[in-house]
Amino acid sequence: MGPSSAMAHLYRGELHRMKLWRERLDKTTNWAVVVIAAIVTWAFSSPGNPHYIILIGVATLTVFLTIEARRYRGYDIWRTRVRTLQENVWAYGLDPEGGLVDENWRKRLGDDYRTPTLKISTEEAIAHRLRRVYLPLFAVLLAAWFVRITAFSPSSWIETAAIGMIPGTVVVGVVTLFYVGAVLVALRSRTWHAKGELRTEDLRKRQ
């Protein structure tokens with residue numbers, strides 16, 4: 009089945025679905041930015057406002073990250089199909105001498121249409137969204153929280169970090185563990201399975 013009318017309509021349909029899921033990702037990111045901007049603004053609007061509202065912002069941002077990672081896994085289904093068609097139909101049609109990227113692409117694509125499956129793990133999706141969007145947002149909240157507990161109280165910042173009966177050392181320890189975990193997930197070495205993303209090096213595992 010070459011680049012016929014049916015294949016062209018199939019490709020157009022997959023592009024449309026990929027675009028819709030791309031828009032869903034963008035909406036989640038937009039809401040995350042709006043929410044943390046509102047939280048940081050309110051936290052610094054009065055010295056009497058509690059500092060832990062920023063930590064609530066961190067928790068809220070984590071929820072947005074989880075939602076966006078799930079959406080990214082769905083987006084990758086359509087993105088993978090589009091890239092398969094681009095690599096093995098359109099690229100080959102334009103330059104047959106370049107050969108096929110995947111000799112078994114018809115079978116793989118047919119199997120995927122019969123039984124659609126997620127191509128990447130939740131951990132990889134979270135790592136990708138952390139690198140692209142959420143790690144800088146988390147860094148902004150961390151900086152805002154540190155300024156909030158150091159600049160608005162004459163007491164030690166460890167004491168100021170306390171939340172009710174929870175000592176400041178415990179709060180700081182939990183925040184530190186959370187951020188170390190986020191950095192490790194985002195930056196650890198791995199084989200990336202997300203298909204067709206723009207990267208500085210080819211980390212895609214060919215199967």
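My numbering applies: residue 9 is where the sequence shown begins, and numbers increase by one. Where a beta carbon is used, it is the ideal one built from N, C-alpha and C, also for glycine. None of these values were measured; they are calculated from a predicted model.
| How is the alpha helix (DSSP H) around residue 134 delimited, first residue to last? | Residue 134 -> alpha helix (DSSP H) spans 130–137.
- request: With a threshold of 16 other CB atoms inside 10 Å of the CB of residue 132, please say whether the residue is buried or exposed.
  value: Its Cβ being crowded by 16 or more others within 10 Å, residue 132 is buried.
Worksheet item: What residue from 63, 57, 96 and 18 has the CA that sits closest to residue 148's CA?
Response: Looking at the Cα atoms, 63 is the closest of the given residues.
(request) Give me the Cα-Cα distance between residue 70 and residue 90, rounded to the nearest whole angstrom. (result) If you take the alpha carbons of residue 70 and residue 90, they lie about 30 Å apart.
- Where residue 74 and residue 95 are concerned, what is the direct C-alpha to C-alpha distance, given to the nearest angstrom? If you take the alpha carbons of residue 74 and residue 95, they lie about 31 Å apart.
**Asked** Out of curiosity, what's the CA-to-CA distance linking residue 174 and residue 155?
**Response** Straight-line Cα distance between these residues: approximately 20 Å.
Please report the Cβ distance between residue 134 and residue 77, rounded to the nearest whole angstrom; I am assuming they are in contact, meaning their Cβ atoms lie under 8 Å. Contact holds; Cβ gap of about 4 Å.
Query raised in the report: Identify the residues that DSSP records as bridge partners of residue 61: which are they?
Result: Per DSSP, none; premise fails for residue 61.
Given residue 72, which residues of its chain have a CB within under 7 Å of its CB, disregarding the five upstream and five downstream residues?
Around residue 72, the same chain offers 36, 39 and 40 as residues with beta carbons nearer than 7 Å, after the five sequence neighbours per side are excluded.
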